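Novice: If you read the sequences in order, they're chains A and B.
Just so we're aligned, residue 1 is where the first sequence starts under the numbering used here, counting upward by one.
Just so we're aligned, residue 1001 is where the second sequence starts under the numbering used here, counting upward by one.
Below you will find the structure I want to go over with you.
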Amino acid sequence: MTKKRALRWTVGFTALLVLTAFFFILELISGTTDLTVSEVFSALSENNSAAHTIVADIRLPRAISAALLGGALSVSGFLLQSFFNNPIAGPYVLGISSGAKLTVALAMMFALQNGIMLNSAAMVGAAFAGSLLSMGAILLLSGKVKNMAQLIVAGVMIGYICSAVTELAVTFADDANIVNLHNWSQGSFSGINMDNVKVIAIIVLAASAAAFLLSKPMSAYQLGESYAKNMGVDLRIFRFALILLSSILSACVTAFAGPVSFVGIAVPHLVKTAFGTAKPIIVIPASFIGGAVFCLMCDLIARMLFAPVELSISTITAVFGAPVVIAAMLSRRSQKRGAV
Amino acid sequence: MSEMILTAKALSAGYGKKVVVDGLNIGIRTGEILTIIGPNGAGKSTVLKSIASQLPLLGGEVFINDTDITSMSLNDIAKKLSVCFTDRITAEKMTCEDIISTGRYPYTGMLGILSSDDKKIVREAMELTGVAHLADTDIRCISDGQRQTVMLARAIAQEPQVLILDEPTSFLDINNKLRLLTILRELVRTRNIAVVQTLHELDLAQRFSDKILCIAHGKAERTGTPEEIFSGSYISELYGISCGTFDTMFGTAEAQRTEGEPQVFVIGGGGSGIPIYRRLQRRSIPFAAGVIHENDVEYNSAKSLAAELIAEKAFEPISDESFDKALSVMQKCREVICCVQSFGAMNAGNKNLLEKAKSIGIFNNSDEF
Chain A
1 MTKKRALRWT
11 VGFTALLVLT
21 AFFFILELIS
31 GTTDLTVSEV
41 FSALSENNSA
51 AHTIVADIRL
61 PRAISAALLG
71 GALSVSGFLL
81 QSFFNNPIAG
91 PYVLGISSGA
101 KLTVALAMMF
111 ALQNGIMLNS
121 AAMVGAAFAG
131 SLLSMGAILL
141 LSGKVKNMAQ
151 LIVAGVMIGY
161 ICSAVTELAV
171 TFADDANIVN
181 LHNWSQGSFS
191 GINMDNVKVI
201 AIIVLAASAA
211 AFLLSKPMSA
221 YQLGESYAKN
231 MGVDLRIFRF
241 ALILLSSILS
251 ACVTAFAGPV
261 SFVGIAVPHL
271 VKTAFGTAKP
281 IIVIPASFIG
291 GAVFCLMCDL
301 IARMLFAPVE
311 LSISTITAVF
321 GAPVVIAAML
331 SRRSQKRGAV
Chain B
1001 MSEMILTAKA
1011 LSAGYGKKVV
1021 VDGLNIGIRT
1031 GEILTIIGPN
1041 GAGKSTVLKS
1051 IASQLPLLGG
1061 EVFINDTDIT
1071 SMSLNDIAKK
1081 LSVCFTDRIT
1091 AEKMTCEDII
1101 STGRYPYTGM
1111 LGILSSDDKK
1121 IVREAMELTG
1131 VAHLADTDIR
1141 CISDGQRQTV
1151 MLARAIAQEP
1161 QVLILDEPTS
1171 FLDINNKLRL
1181 LTILRELVRT
1191 RNIAVVQTLH
1201 ELDLAQRFSD
1211 KILCIAHGKA
1221 ERTGTPEEIF
1231 SGSYISELYG
1241 ISCGTFDTMF
1251 GTAEAQRTEG
1261 EPQVFVIGGG
1271 GSGIPIYRRL
1281 QRRSIPFAAG
1291 VIHENDVEYN
1301 SAKSLAAELI
1311 AEKAFEPISD
1321 ESFDKALSVM
1331 QKCREVICCV
1341 QSFGAMNAGN
1351 KNLLEKAKSI
1361 GIFNNSDEF
């Protein structure tokens, strides 16, 4: 069994890495100007061609950010699922993404009105504040509601409230800014430049690595609070770390790509099913890579399906993600009846 | 004398600021099983959780090997003390081996990867508890009894000095109850550790504990050996038994007797009358029983269930006085049932009673009375 499991995991990781490479290359070569793989490579090395601009300034940052932010969303989702012991918890359904969206929109409008350019750090900071705000509301509610479904409903409602306020603010924004803001608030990986990518890479990789280091207490926490405590987990520090990391990760996504739906639930669920385990030490890295694959694929579809018209990323992630969420919910129910 | 391993001094246990149990003193030595008994809501689990550092102490101190538990790191406590609860594990996609492996948590490094030694200890814990065949089975796909045993294996894999179990036998059938307690019995001896547990099954508490702690009315009412606790009417008082009686000798309960003028007279002895007493009780028929010796195995049952009992002193033949008393009661009954198959010198009086019943014509000979 241990050998069988090790084989399954090796195959799983290999498949995920191959898929990442596959979609990553597809992201680089496809678009309104189709390029071959060799053209992409030569475009990267030469400096002043049109192809160089397309690849180096548009497609490459977009592909990297889609991969990194997809990974961030999935890990953030898995952290929240562990925290709430609920497989359908995620940054989007709990309203954490919407909270971030609200504060980023307000910050952007404030900056535009006063003629300031917001830098990446300020965007992430604003998104983080919003994430924590929603998270705080959810935590307050989670103390009151014992039922997991109620918690999700509460999260969805918080999301609606934040979205409504965002829409309200957008309505009163300057005409010139509306288009920009509107696009962003729908969620998209477009318009991310290489400087953004650097910030994204630092935050996402650092936070994901930190999450990976939480694997051990997370596996203890899966047995329930009492056992985790008995195994020597400092619950207060552990919970704080979970909340902090999941908020940072989802805040980073929202700051740069707007709210992206369902990735945080769908990917960890698919990974757990494919790998046949819920061990954080496996699921966290696998979710990260799986999230990258998922978002690269969805972004590709969003760009290519009705090209040159680009769809919002959430449109595609919802199509693929929502059914998985339903599947996750059903598997949770059958588990209660004692079946696998 | 083995060494004292866990000591609690003037312990106050409770939730938040509310003290549930106060002024508790406990001392447990290696190789001992301490069982906490007491009525529902008395605070047994609260005490257990406080000892296990699951709840902050509201007062007093807990020591492990003379070290104050509050001065120890969580990881150090985890190496000394492991717990086993009855809460359902909701973890998804975890095999029993995964669950048991978490017992090695305090001993592993940053990422919790098990060394070959750790794996060996996990394997041993599985073999000791007889769950090795479940290693690769999903924890959600096994029976309650198996799950309880797996959780015990997990606690054992943690290699504690004190093992704390909250109602480990609930949900288990009688065979599994006995098996689990036998494992604990062996464990405390062979590994020289101590067990602290709560139990609702008094008969098992009586048979498998070295010490019993009785908790009621917010304090430790009594501590002692099973022989000291299970004596006289103490258990009835502890639980406030009002709808029946408890036999401290056997640890068994009898339902409440039907009071009233006896309608049936049962000639019993040697345990043969017990099924009849219980059947009459279920049918709410008041009955008299006699003549039963005070050292008869069915004396306690008869005393608990019969509306009227005619008893004789232990080891004495049935006296004329007892016979006359029984006869006068019997004559008022509409039916007589005789459960005794053979008569000897000691219960010759009962044989006479049977003859009398036959001559009066109230003897019921059929199997169904």
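Ideal placement from N, C-alpha and C gives every residue a C-beta, glycine not left out.
For clarity, every value in this text was computed on a predicted model and none was experimentally measured.
(1) For a test of the three-state rule: what should DSSP assign to B/LEU1165, helix, strand or coil?
(2) How many angstroms separate the CA atom of B/VAL1122 from the CA atom of B/ARG1154?
(3) Any idea if A/TYR160 is buried or exposed, counting beta-carbon neighbours within 10 angstroms, 16 or more meaning buried?
(4) Comparing C-alpha positions only, which one of A/LYS216, A/THR317 and A/GLY125 sits nearest to A/LYS101?
(5) Verify the CB distance criterion: does B/MET1094 have a CB-CB separation below 9 Å to chain A?
(6) With three or more beta-carbon pairs closer than 8 Å as the criterion, would you say the segment 1055-1065 of chain B touches the segment 1027-1036 of chain B?
(7) Would you please verify whether the beta carbon of A/SER398 is less than 9 Å from any beta carbon of chain B?
(8) Does the CB of A/LYS101 have a neighbour CB from chain B at under 9 Å?
(9) Taking the Cβ atom as the reference point for each residue, do B/ALA1289 and B/GLY1268 lie within a distance shorter than 9 Å?
(10) Near B/GLY1361, what residues of its chain come up, given a Cβ to Cβ distance below 7 Å and the 5 sequence neighbours on each side ignored?
(11) Going by other Cβ atoms of all chains shown within 10 Å of its Cβ, with 16 needed for buried, is A/THR254 buried or exposed?
(12) Nearest chain A C-beta to B/GLY1270 closer than 9 Å, yes or no?
(13) Excluding the five sequence neighbours on either side, which residues of its own chain have a C-beta within less than 8 Å of the C-beta of B/ALA1125, listed in chain order?
(14) Under DSSP, the beta strand (DSSP E) around B/VAL1020 begins and ends at which residues?
(15) When the Cα atoms are used, what is the spatial distance from B/ALA1052 to B/THR1070?
(16) Drop a sphere of 10 angstroms on the beta-carbon of B/ASN1175, count the other beta-carbons inside from all chains shown, and report buried for 16 or more, exposed for fewer.
(17) According to DSSP, is A/TYR92 helix, strand or coil?
(18) Measure the C-alpha to C-alpha separation of B/GLY1260 and B/SER1301 and round it to an integer number of angstroms.
(19) Taking only the alpha-carbon atoms, compute the straight-line gap between A/ILE25 and A/VAL37 and give it to the nearest angstrom.
(20) Over what stretch of residues does the beta strand (DSSP E) that includes B/ARG1222 continue unbroken?
(21) Taking just the CA atoms, how far does A/VAL263 sit from A/LEU139?
(22) Using a Cβ cut-off of 9 Å (strictly closer), state whether A/ASP234 contacts chain B.
(23) Kindly say whether B/LYS1049, judged by its beta-carbon, lies nearer than 9 Å to any beta-carbon of chain A.
(24) Can you give the Cα-Cα distance for B/GLY1016 and A/ILE282, rounded to whole angstroms?
(25) Have a look at B/LEU1165, B/HIS1200, B/LEU1184 and B/SER1322 and flag the residue whose alpha-carbon is nearest the alpha-carbon of B/GLN1054.
(26) Would you say B/TYR1015 lies against chain A (beta-carbon separation less than 9 Å)?
(27) Is A/GLY290 buried or exposed, if buried means 16 or more other CB atoms sit within 10 Å of its CB?
(28) Output yes if chain B places a C-beta closer than 9 Å to the C-beta of A/ILE161; else output no.
(29) Go through the segment 260-288 of chain A residue by residue and report every complete run of the alpha helix (DSSP H) that reaches 4 residues or more, in order.
(30) Could you work out which residues of chain A lie near B/PRO1056, taking near to mean beta carbons separated by less than 8 Å?
(31) Quick one: what's B/LYS1009 bridged to in DSSP?
(32) List the residues of chain A that B/MET1126 touches, going by C-beta distances under 7 Å, in chain order.
(33) Roughly how many angstroms separate the alpha carbons of B/MET1094 and B/THR1108, rounded to a whole number?
(34) Is it the case that the Cβ atoms of B/ASP1247 and B/SER1304 are separated by a distance below 9 Å?
(35) Please list the terminal residues of the continuous alpha helix (DSSP H) segment that includes B/GLU1186.
(36) Against chain A, does B/ASP1087 count as a neighbour if the rule is that its beta carbon must be under 9 Å from one of theirs?
Specialist: In brief:
(1) strand
(2) 8 Å
(3) exposed
(4) A/GLY125
(5) yes
(6) no
(7) No information on residue 398 of chain A is available, as it lies outside the stretch 1 to 340 that chain A covers here.
(8) no
(9) yes
(10) none
(11) buried
(12) no
(13) ILE1100, GLY1103, ALA1153, ARG1154, ILE1156 and ALA1157
(14) 1018-1029
(15) 11 Å
(16) exposed
(17) coil
(18) 17 Å
(19) 7 Å
(20) 1219-1224
(21) 22 Å
(22) yes
(23) yes
(24) 38 Å
(25) B/LEU1165
(26) no
(27) buried
(28) no
(29) 263-275
(30) Within 8 Å Cβ-Cβ: nothing; B/PRO1056 doesn't reach chain A, min ~11 Å.
(31) B/GLU1061
(32) By Cβ distance, chain A contributes nothing, its closest Cβ being about 13 Å from B/MET1126, past 7 Å.
(33) 19 Å
(34) yes
(35) 1174-1190
(36) yes
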